[in-house]
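For reference, the structure discussed in these notes is given below.
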Amino acid sequence: MKSLLDATTRAKYTLFWLKNINKLVRTLNSSSSRIVIVENMAELDNTCTVPEKEEKLSDNSPEKEIIGTLKRPLQDDTMIEDEALIKRVKTEQQEDEKAEDGKKGKSNVVPRKKKCALLLSYCGAGYNGMQINPGVKTIEEELVNALYKAEAITEDGKACLGKMSFQRCARTDKGVSAARQVVSLKMVPEQSIVPKINEHLPPEIRVIAMKRTTRGFDAKGNCSARTYEYLTPTYAFAKDYQTTSNYRVSEDKIEEVNQVLSKFLGTHNYHNFTSGKRFDDASAKRYIMKFKCGKPFEKDGREYITLSVKGQSFMLHQIRKMIGLALAIVRGVAPLSTIELARKEKKVDIPKAPAVGLVLDKVHFDAYNRRYGDDGIHESLEWDENEEKIQKFKDDFIYKHIIDTEMRQAVMLKWLRTLPDHSYTDERMEEIQSKPDDNSSKLHTKTDANTTADPADKSCSPIGSSDTKLVTKGGEADKNEEVGISEDLREVVKQEK
Numbered sequence: 001m002k003s004l005l006d007a008t009t010r011a012k013y014t015l016f017w018l019k020n021i022n023k024l025v026r027t028l029n030s031s032s033s034r035i036v037i038v039e040n041m042a043e044l045d046n047t048c049t050v051p052e053k054e055e056k057l058s059d060n061s062p063e064k065e066i067i068g069t070l071k072r073p074l075q076d077d078t079m080i081e082d083e084a085l086i087k088r089v090k091t092e093q094q095e096d097e098k099a100e101d102g103k104k105g106k107s108n109v110v111p112r113k114k115k116c117a118l119l120l121s122y123c124g125a126g127y128n129g130m131q132i133n134p135g136v137k138t139i140e141e142e143l144v145n146a147l148y149k150a151e152a153i154t155e156d157g158k159a160c161l162g163k164m165s166f167q168r169c170a171r172t173d174k175g176v177s178a179a180r181q182v183v184s185l186k187m188v189p190e191q192s193i194v195p196k197i198n199e200h201l202p203p204e205i206r207v208i209a210m211k212r213t214t215r216g217f218d219a220k221g222n223c224s225a226r227t228y229e230y231l232t233p234t235y236a237f238a239k240d241y242q243t244t245s246n247y248r249v250s251e252d253k254i255e256e257v258n259q260v261l262s263k264f265l266g267t268h269n270y271h272n273f274t275s276g277k278r279f280d281d282a283s284a285k286r287y288i289m290k291f292k293c294g295k296p297f298e299k300d301g302r303e304y305i306t307l308s309v310k311g312q313s314f315m316l317h318q319i320r321k322m323i324g325l326a327l328a329i330v331r332g333v334a335p336l337s338t339i340e341l342a343r344k345e346k347k348v349d350i351p352k353a354p355a356v357g358l359v360l361d362k363v364h365f366d367a368y369n370r371r372y373g374d375d376g377i378h379e380s381l382e383w384d385e386n387e388e389k390i391q392k393f394k395d396d397f398i399y400k401h402i403i404d405t406e407m408r409q410a411v412m413l414k415w416l417r418t419l420p421d422h423s424y425t426d427e428r429m430e431e432i433q434s435k436p437d438d439n440s441s442k443l444h445t446k447t448d449a450n451t452t453a454d455p456a457d458k459s460c461s462p463i464g465s466s467d468t469k470l471v472t473k474g475g476e477a478d479k480n481e482e483v484g485i486s487e488d489l490r491e492v493v494k495q496e497k
């Protein structure tokens with residue numbers, strides 16, 4: 001028995017010292033020394049084996065109690081530690097191989113991906129919106145394909161956007177453009193990869209910049225507000241149909257438009273400004289922060305202006321219907337009270353402005369920037385350093401497409417002629433029909449019957465409207481747009497016939 005106690009005690013103290021020596025080796029981080037110690041541990045383990053007792057020990061014997069205090073065999077500990085060492089060495093070797101392959105320019109190795117924010121500008125003409133939709137052409141489909149070809153994402157990320165945590169800030173509709181769209185995803189966080197992405201994108205879609213974000217950043221969830229612009233010819237504010245390129249908006253008319261737009265500010269129910277929303281649906285309430293006119297400018301002999309609206313979020317068609325109703329009120333086709341009426345439970349027929357003029361101008365990350373923008377680690381999601389590049393893209397692609405489409409197809413002019421066809425209320429706007437200012441519907445009917453307006457009818461003259469300025473050369477009006485119907489309207493009528 002004494003020999004048995006000596007053997008177990010010797011094994012216990014040997015195990016204690018070997019463990020301390022092993023900890024010291026780990027601290028020195030020397031794999032070669034570690035292997036020597038492990039070998040010695042194995043040798044000592046053989047010498048410290050407790051001799052077997054031929055006779056069976058009783059449960060209450062002191063020998064059984066001493067043996068029970070011993071931990072698991074020393075060999076198990078060394079095996080676990082060896083496996084951890086081997087795993088760490090393999091990981092270091094793989095990272096070294098990746099770094100070496102990166103220096104050699106090998107394309108089959110994708111570096112570690114991080115959460116990033118991409119700033120996009122695109123012209124929506126010819127695309128069925130932003131979000132991927134199988135079977136149709138979308139902005140996201142072009143972007144994801146370009147990211148994959150530039151080796152910014154893996155094939156798995158391309159096949160399943162959820163695997164790279166892809167999210168867009170705003171889901172633009174068919175034909176709608178964007179100047180500052182932002183998407184978030186896990187990708188290779190190298191600035192040099194942005195030009196490579198653009199090499200695989202069509203010219204009407206550009207990645208302007210890339211910034212690293214926090215791990216939990218979500219372009220949609222962290223977006224505080226969105227600002228949209230709507231570009232329209234200023235003749236959309238006129239109360240007659242014969243004036244197009246000769247029309248110049250006055251300061252009084254801009255002030256009148258701003259007063260109408262101000263009625264949308266605040267939190268209101270917009271169930272009449274979208275589809276599929278009930279009056280009692282909480283999501284039908286939206287918060288509008290800003291809605292006003294910009295400054296007019298001329299392009300190709302015609303005057304244009306932007307309407308800018310900023311809100312927390314918007315529903316399908318909401319902005320286009322807000323602008324459609326505002327223009328109907330400014331032109332005298334609908335009363336100002338229609339805005340208040342549309343917020344009630346009763347269904348109201350509201351016109352929807354053409355999609356071609358709508359642009360996602362900016363997305364705001366105010367709360368994110370306040371929390372992380374100045375922490376010294378992350379970048380603020382402001383893009384002032386790219387403003388010149390963004391404005392150039394807007395002029396060369398977005399504004400150019402809108403203006404060319406208007407000049408070629410007279411989209412706004414055709415749509416304005418449909419305003420009287422909307423009911424706005426069940427009373428068919430009886431209070432509006434009695435107003436002398438409503439000459440638009442009379443002109444609309446008369447134009448359909450005859451392709452020329454009566455020169456004696458002063459209501460069709462640009463001089464007869466108080467908010468119209470006529471631009472002339474040498475004191476005479478343009479021959480193509482003298483008193484009467486405009487050339488654009490003549491063309492529209494001819495096409496319809």
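What the sequence shown shows, in the UniProt record's numbering, is residues 1 to 497, in sequence order.
Backbone N, C-alpha and C fix where the C-beta goes; we use that ideal spot for every residue, glycine too.
To test your reading of the DSSP string, which unbroken beta strand (DSSP E) runs of 3 or more residues are found completely within the UniProt domain "Pseudouridine synthase I TruA alpha/beta" (262-366)?
266-269, 285-293, 297-299, 302-311 and 358-364
Any chance the region 293-306 sits against the region 240-257, with 3 or more Cβ pairs inside 8 Å?
yes
Mapping DSSP to helix, strand and coil, what is Glu229?
strand
Alpha-carbon spacing of Thr213 relative to Ala342, whole angstroms
41 Å
Gly474 burial status per 10 Å Cβ neighbour count (16 or more: buried)
Residue placement at Gly474 is flagged as unreliable, the pLDDT there being 37, under the threshold of 50; the coordinate-derived value follows with that caveat. Flag for Gly474 reads exposed.
Identity of the residue in Gly357, Asp218 and Glu387 nearest Asp404 by Cα
Gly357
Just list the beta strand (DSSP E) runs in the region 172-240, keeping only unbroken ones of 3 residues or longer that don't cross its boundaries, in chain order.
177-187, 205-212 and 225-233
Taking buried to mean at least 16 other C-beta atoms within 10 Å of its own C-beta, is Ser121 buried or exposed?
buried
Let's test the definition: count the other Cβ atoms within 10 Å of the Cβ of Gly216 and tell me whether it reaches 16, buried, or not, exposed.
exposed
For Cys116, the residue or residues it bridges with in DSSP
Beta-bridge pairing links Cys116 to Leu185 and Arg212.
Collapsed DSSP secondary structure at Arg417 in the structure displayed
coil
As a quick exercise: from Lys158, Ala159, Arg206 and Glu199, pick the residue whose alpha carbon is nearest that of Ala178.
Arg206
State buried or exposed for Ala367, treating a residue as buried only when at least 16 other CB atoms are found within 10 Å of its CB.
exposed
The alpha helix (DSSP H) that contains Asp404, what's its start and end?
Tyr399 to Gln409
Tyr241 vs Val309 beta-carbon contact at 9 Å
no
Under the three-state DSSP convention, the category Gln391 falls into:
helix
In whole angstroms, what is the alpha-carbon distance linking Phe166 and Glu387?
25 Å
For Gln167, list the residues DSSP reports as bridge partners.
Ser184
Would DSSP call Tyr368 helix, strand or coil?
If DSSP states are grouped into helix, strand and coil, Tyr368 belongs with the helices.
So, Val260 versus Ile319, is the Cβ gap smaller than 9 Å?
Not in contact: Val260 and Ile319 (Cβ atoms no closer than 9 Å).
CA-CA distance, Phe264 and Lys290?
Phe264 and Lys290 have their C-alpha atoms spaced approximately 9 Å apart.
One question on the structure: do residue 540 and Tyr247 come within less than 9 Å of each other, judged by their Cβ atoms?
Coverage of the chain is limited to positions 1 through 497, which leaves residue 540 absent and any answer about it impossible.
Can you list, in chain order, the residues of its chain whose CB lies under 6 Å from that of Leu118, leaving out five sequence neighbours each side?
Val183, Val207 and Met210
Which of helix, strand or coil does DSSP assign to Tyr127?
coil
What number of angstroms, rounded off, separates the C-alpha of Val249 from the C-alpha of Tyr235?
The alpha-carbon atoms of Val249 and Tyr235 are separated by roughly 7 Å.
The alpha helix (DSSP H) that contains Val144, what's its start and end?
In the DSSP assignment, Val144 falls within the unbroken alpha helix (DSSP H) covering Ile139 to Lys149.
Of the choices Thr138, Glu406 and Gly376, whose alpha-carbon is the least far from that of Arg168?
Thr138
Extent of the continuous alpha helix (DSSP H) run through Ala152
Counting along the chain, Ala152 falls outside any alpha helix (DSSP H), and DSSP gives it neither H nor E.
Label Pro202 either buried or exposed according to how many other C-beta atoms from any shown protein chain fall within 10 Å of its C-beta, with 16 as the threshold for buried.
Pro202 is exposed by the Cβ-count criterion.
With a cut-off of 8 Å on the beta carbons, I'd call Met315 and Lys277 a contact; round off their distance for me.
Beta-carbon to beta-carbon, Met315 and Lys277 are separated by about 7 Å, close enough to satisfy the 8 Å threshold.
Which word fits Leu419, buried or exposed, when buried means at least 16 other C-beta atoms lie within 10 angstroms of its C-beta?
With 16 or more other Cβ atoms from the protein chains shown falling within 10 Å of its own Cβ, Leu419 counts as buried.
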